[in-house]
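Colleague: Chains as they are written, first to last, in the working numbering: chain A, 16 to 366; chain B, 16 to 366; chain C, 16 to 366. Backbone N, C-alpha and C define an ideal beta-carbon position, used for all residues, glycine too. Please read these numbers as outputs of a predicted model, since none were measured by experiment. Please see the structure below; I have some questions.
Structure (structure tokens):
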């Protein structure tokens with residue numbers, strides 16, 4: 016499961032033939048590596064995705080650059096012009112850095128139940144434990160020290176890195192990536208209080224993860240209480256995200272690290288949640304919504320847009336002074352009301 | 016360690032004989048599964064725990080419903096009336112979905128020190144590593160790929176899911192559940208600064224966890240610096256919670272996901288901390304306190320109640336406008352003072 | 016990897032000969048354990064690091080106390096006077112509680128690639144999996160159930176606790192400690208959006224960790240997109256910290272639990288980030304900066320100092336009242352402007 020830089024090189028016109036774009040100059044220039052504007056050297060292809068890095072373009076030592084039509088004249092270097100330089104770069108980078116799958120087969124130290132069905136082309140890592148009636152699809156890779164619970168299904172082409180835990184009765188789609196330490200299908204936090212003591216609600220739903228989903232390191236996705244927790248196709252989850260029971264995340268939403276989503280909340284499709292955003296339970300976020308990092312969302316959002324709730328940072332002493340007034344903002348507002356009313360009276364208004 | 020829906024069915028009057036409550040209609044109706052109002056079908060028992068779901072009651076296809084006395088006339092379905100429908104439902108669900116323990120015994124691939132004492136009825140999973148002088152009690156289940164450090168003790172009936180790590184000299188009580196990826200007893204964050212360089216303070220305390228405690232996936236509980244970190248009986252911890260060294264959490268407190276509690280803080284009993292609440296170090300939270308999710312608590316709370324500190328979310332542009340003024344709220348307040356003083360002077364007051 | 020209290024005892028004058036400080040009284044008093052003021056008993060050495068614990072000094076049952084010159088006359092107990100009692104205490108505690116390394120050698124159940132070079136004096140735990148071309152240095156300890164990816168290097172004297180995952184091509188320096196569940200080198204969260212679908216950017220950089228770094232339990236440090244993610248010497252990271260791709264953390268910075276640092280951000284040296292602080296991407300934090308716990312930093316900090324942004328907590332009802340006004344603070348500010356302008360007009364000012 017290792018990405019090794021290949022030193023094979025390609026002519027720019029061969030890349031354009033494969034990935035599109037318009038080549039300006041340098042037909043015979045060869046590149047074999049992708050790099051940032053700053054760190055690129057001869058033989059490297061770089062890219063300009065945002066105008067703010069334009070100043071670095073002048074100094075780059077790259078052999079060629081991928082850029083947008085607006086920036087085509089910003090350099091004399093050989094260049095590939097394309098409307099979405101970053102996506103173009105992603106494709107070339109993937110081409111230059113193919114993911115190397117480990118050898119197919121089950122490592123001798125893995126412990127696999129007899130009733131598990133492991134595809135011939137799948138790879139099962141050392142010391143991994145696979146329980147009964149599990150299914151692992153073609154070309155799937157399960158890293159070392161993982162655990163797959165009973166009746167779990169891993170789609171073809173999906174890769175689990177080391178130390179991943181999947182509880183029983185969870186389904187992972189095709190071509191997913193689950194990073195190390197991820198836990199799928201632990202019990203949701205369902206408790207009934209009786210006379211001051213918490214009684215656990217059995218969590219008998221599962222987790223269903225679609226195709227092309229990425230799950231970051233140490234991210235946790237709880238199983239449903241009665242129905243399933245659902246992650247739709249193309250969702251991208253960063254590290255240390257917590258997803259409560261019966262949450263549904265719509266297709267192609269991207270969620271940055273440290274986000275928490277409480278139980279039964281529905282996130283629409285193509286949403287973006289910034290890092291450490293916290294989403295309360297039993298609410299709905301409209302498709303196409305962006306939530307700024309660090310914001311705490313406690314009510315449903317019906318209309319897509321960008322939503323923010325972050326306390327602005329100041330030098331500590333200044334923060335202290337302001338916070339005192341925030342604690343009695345209600346009173347400040349009442350004083351303004353009074354001032355206005357008195358001014359009105361003084362003017363003889365009849366309100 | 017798998018919960019499998021059993022298709023065995025029970026007559027409603029048999030359930031009432033077992034769990035109490037008043038049966039209205041349907042003595043001979045049989046149910047074998049619990050389900051939500053929305054997803055229930057024939058043969059399912061559902062429940063109404065909150066009035067806000069009353070509207071769903073009319074459409075449910077469930078065979079019978081558990082509800083409170085106030086709601087007894089809201090449906091014509093066979094029903095069980097009980098003062099705490101959610102707790103009742105928890106018990107029936109547990110009865111319908113018994114936790115199936117894996118076979119007793121030590122898996123052949125587990126690595127168990129000779130001096131460890133493992134009860135005959137306990138189950139030790141594949142590739143689990145158990146160090147010297149560990150004790151695992153009767154009917155305890157240790158999942159695959161776990162590690163138990165020296166002199167750790169696991170109480171009877173306690174279950175550790177996969178990939179759990181317990182450091183040396185920690186004690187887990189009876190009938191606890193520890194979910195995958197939990198880490199108990201890692202070093203607390205104790206550092207002394209000498210000439211700009213951090214020197215580690217050895218963390219020589221342990222962790223003591225009481226009975227009936229649940230610890231969520233990837234939750235971490237640090238060992239004490241000198242004395243122990245203590246989690247009392249009946250505490251319920253969700254996923255990705257961080258508990259610092261020498262914290263004490265009182266009995267039957269429930270803490271939602273992503274909460275952090277800094278070192279030496281004492282949380283009383285029967286507290287509830289909402290998701291992602293952050294509790295500073297060296298403070299005390301009174302028993303019975305509720306902290307809203309996302310709030311940052313930096314001072315002790317002496318009086319139980321509900322405490323909140325969340326920045327309200329707005330559309331981004333509006334947030335920007337307001338945040339500008341929050342940064343100079345002190346100045347705004349001073350301007351109000353001036354206005355009031357001048358008005359007073361104008362009126363000829365002698366303050 | 017176990018710290019066991021040794022019952023061997025030492026005379027106070029022997030400790031002063033070894034660690035410095037001025038001994039007042041008790042030359043022949045022997046101590047063998049360190050303890051807090053509150054829990055210390057006969058035979059224990061305690062310390063007073065902060066004036067706020069002075070009141071406990073009168074009641075301690077310790078045999079002797081380490082304290083600062085200012086407090087030298089606060090007790091009649093035998094005492095060691097030193098300018099930095101906490102650092103002194105750290106050294107004595109380390110002396111009393113030496114870390115016991117497990118036996119050198121590779122456990123029979125570990126799976127180690129033939130091309131890996133493991134130092135003779137290193138210890139590799141049970142069920143640990145080590146991939147090809149890995150290097151583990153002298154006296155290094157790799158706990159049970161770990162995974163080391165291809166070409167990873169672990170410096171001499173470094174200790175990995177159980178269930179740690181290191182992806183391929185990462186470098187860990189000397190004398191580091193990595194706690195259980197830590198994940199080093201998972202893919203950074205790099206995505207390009209094309210027609211509403213996220214395309215993964217291959218993450219081909221690595222992670223470079225310096226010497227004397229501590230990484231807490233379940234902390235994650237992502238590999239770089241093109242260049243490396245870098246953690247400099249002496250950095251101390253608590254539990255459940257998330258560090259994005261291409262972040263650089265300067266030497267001797269200390270970061271408390273639950274902090275998140277987004278991609279490409281540079282944290283200077285000797286910074287302190289409080290628990291659950293969230294640091295946005297592509298920014299720079301000046302060396303020597305302190306960020307208060309729970310603060311969200313979205314802009315670069317050029318000048319060292321203490322920075323804070325925490326919403327003050329109140330009783331819930333009061334918070335509700337205040338939050339209403341915060342949502343329209345812009346409007347409140349405009350009303351104050353109006354009042355001032357009208358007062359000015361009334362006074363006949365010509366502004």
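DSSP has residue 27 of chain A in a bridge; who is on the other side?
Modeller: In the DSSP output, where bridge partners are listed per residue, residue 27 of chain A has none listed.
Colleague: Let me know the secondary structure DSSP gives residue 52 of chain A once reduced to three states.
Modeller: Coil, per DSSP.
Colleague: Hey, quick one: how far does the beta strand (DSSP E) through residue 322 of chain C stretch, first residue to last?
Modeller: Its beta strand (DSSP E) spans residues 321-323.
Colleague: Residue range of the beta strand (DSSP E) that residue 104 of chain B falls in?
Modeller: No beta strand (DSSP E) contains residue 104 of chain B, which is instead part of the alpha helix (DSSP H) from 100-111.
Colleague: Can you tell me the Cα-Cα spacing of residue 254 of chain C and residue 200 of chain B, whole angstroms?
Modeller: For residue 254 of chain C and residue 200 of chain B, the distance between alpha carbons rounds to 12 Å.
Colleague: If you drop the 5 nearest sequence neighbours on each side, which residues of the same chain put their C-beta closer than 6 Å to that of residue 33 of chain B?
Modeller: none
Colleague: Considering only their Cβ atoms, is the gap separating residue 235 of chain C from residue 198 of chain C smaller than 8 Å?
Modeller: yes
Colleague: Are at least three pairs of beta-carbons, each pair with one atom in the segment 62-75 of chain C and one in the segment 43-53 of chain C, less than 8 Å apart?
Modeller: yes
Colleague: Considering only residues of the segment 185-272 of chain C, which uninterrupted beta strand (DSSP E) runs meet the minimum length of 3 residues and lie entirely inside it, listed in chain order?
Modeller: 206-209, 212-215, 222-224, 244-246
Colleague: Taking Cβ to Cβ, would you say residue 259 of chain C is nearer than 8 Å to residue 272 of chain A?
Modeller: yes
Colleague: Counting only the same chain and skipping the five closest in sequence on each side, list residues whose C-beta sits under 8 Å from that of residue 16 of chain C.
Modeller: Only weak support is given to the placement of residue 16 of chain C: the predicted model assigns it a pLDDT of 46, under 50, and the value that follows is read from those uncertain coordinates. Closer than 8 Å at the Cβ level, and outside the excluded window around residue 16 of chain C, lie 114, 115, 116, 117, 156, 158, 174, 176.
Colleague: Strictly by DSSP, which residues pair up with residue 287 of chain B?
Modeller: B:269, B:305
Colleague: Using a Cβ-Cβ cut-off of 7 Å (strictly less than) and excluding sequence neighbours within five positions of residue 22 of chain B, which residues of its own chain qualify?
Modeller: 47
Colleague: Taking its Cβ as the centre, do 16 or more other Cβ atoms sit within 10 Å of residue 352 of chain B, making it buried, or is it exposed?
Modeller: exposed
Colleague: Who are the near neighbours of residue 366 of chain A in its chain, counting only those whose CB is closer than 6 Å to its CB and skipping five residues on each side?
Modeller: The predicted model places residue 366 of chain A with a pLDDT of 49, which falls under 50 and marks its position as unreliable; any figure quoted below should be read in that light. The residues 359, in chain order, have a CB closer than 6 Å to that of residue 366 of chain A in the same chain once the five nearest residues on each side in sequence are set aside.
Colleague: Determine the chain B residues that contact residue 8 of chain C at a beta-carbon separation under 9 Å, and present them in chain order.
Modeller: It is not possible to answer for residue 8 of chain C, since the shown part of chain C is limited to 16 through 366.
Colleague: Just to confirm, are residue 179 of chain A and residue 161 of chain A a CB contact at a threshold of 8 Å?
Modeller: yes
Colleague: Below 8 Å, how does it come out for the segment 216-228 of chain A and the segment 246-253 of chain A: are there three or more Cβ pairs, yes or no?
Modeller: yes
Colleague: In whole angstroms, give me the CA-to-CA distance for residue 9 of chain C and residue 322 of chain B.
Modeller: In the structure as shown, chain C starts at 16 and stops at 366, and residue 9 of chain C therefore has no counterpart that could be examined.
Colleague: List, in order along the chain, the chain C residues whose C-beta lies closer than 9 Å to that of residue 162 of chain A?
Modeller: Per Cβ cutoff of 9 Å: no residues; residue 162 of chain A is ~11 Å from chain C at best.
Colleague: Under a Cβ-count criterion, where at least 16 other Cβ atoms within 10 Å of its own Cβ denotes burial, should residue 151 of chain A be classed as buried or exposed?
Modeller: buried
Colleague: Determine, using beta carbons only, whether residue 137 of chain C and residue 119 of chain C come nearer to each other than 8 Å.
Modeller: yes
Colleague: If you pair each beta-carbon of the segment 276-288 of chain C with each one of the segment 295-303 of chain A, do three or more pairs fall below 8 Å?
Modeller: no
Colleague: With a threshold of 8 Å between beta-carbons, can residue 112 of chain A be considered close to chain F, or not?
Modeller: Of the chains in the structure shown, none is chain F; the protein chains are A, B and C.
Colleague: Give, in chain order, every residue of the segment 315-340 of chain A whose Cβ lies closer than 7 Å to some Cβ of chain B.
Modeller: 320, 321, 322, 323, 324, 325, 326, 327, 329, 336, 337, 340
Colleague: Can you list the residues of chain B that residue 286 of chain A reaches, using a CB-CB cut of under 7 Å?
Modeller: Residues of chain B passing the Cβ test: none, with the nearest at roughly 14 Å.
Colleague: DSSP state of residue 331 of chain A, grouped into three classes?
Modeller: Correct three-state label for residue 331 of chain A: helix.
Colleague: So which residues of chain A does residue 242 of chain C contact, with C-beta pairs closer than 7 Å?
Modeller: 51, 54
Colleague: What does residue 183 of chain A touch in chain C if you count any residue whose Cβ is under 7 Å from its own?
Modeller: Residues of chain C passing the Cβ test: none, with the nearest at roughly 21 Å.
Colleague: Less than 8 Å between CB atoms is the rule here; does residue 85 of chain B satisfy it with respect to chain A?
Modeller: no
Colleague: Measure the alpha-carbon distance for residue 290 of chain C versus residue 274 of chain C and round it to whole angstroms.
Modeller: If you take the alpha carbons of residue 290 of chain C and residue 274 of chain C, they lie about 6 Å apart.
Colleague: In chain order, what residues of the same chain have a beta carbon less than 6 Å from the beta carbon of residue 309 of chain C, not counting five sequence neighbours either side?
Modeller: 291, 325
Colleague: Are three or more beta carbon pairs between the segment 98-110 of chain B and the segment 128-135 of chain B nearer than 8 Å?
Modeller: In the pairwise beta carbon analysis, the segment 98-110 of chain B is classified as not touching the segment 128-135 of chain B: fewer than three pairs are separated by under 8 Å.
Colleague: Using alpha carbons as the reference points, say which of B:195, B:104, B:219 lies closest to residue 35 of chain B.
Modeller: B:104
Colleague: Rounding to the nearest angstrom, what Cα-Cα distance links residue 167 of chain C and residue 153 of chain C in this structure?
Modeller: 15 Å
Colleague: Taking the C-alpha atoms as reference points, what is the distance between residue 298 of chain C and residue 45 of chain C?
Modeller: 53 Å
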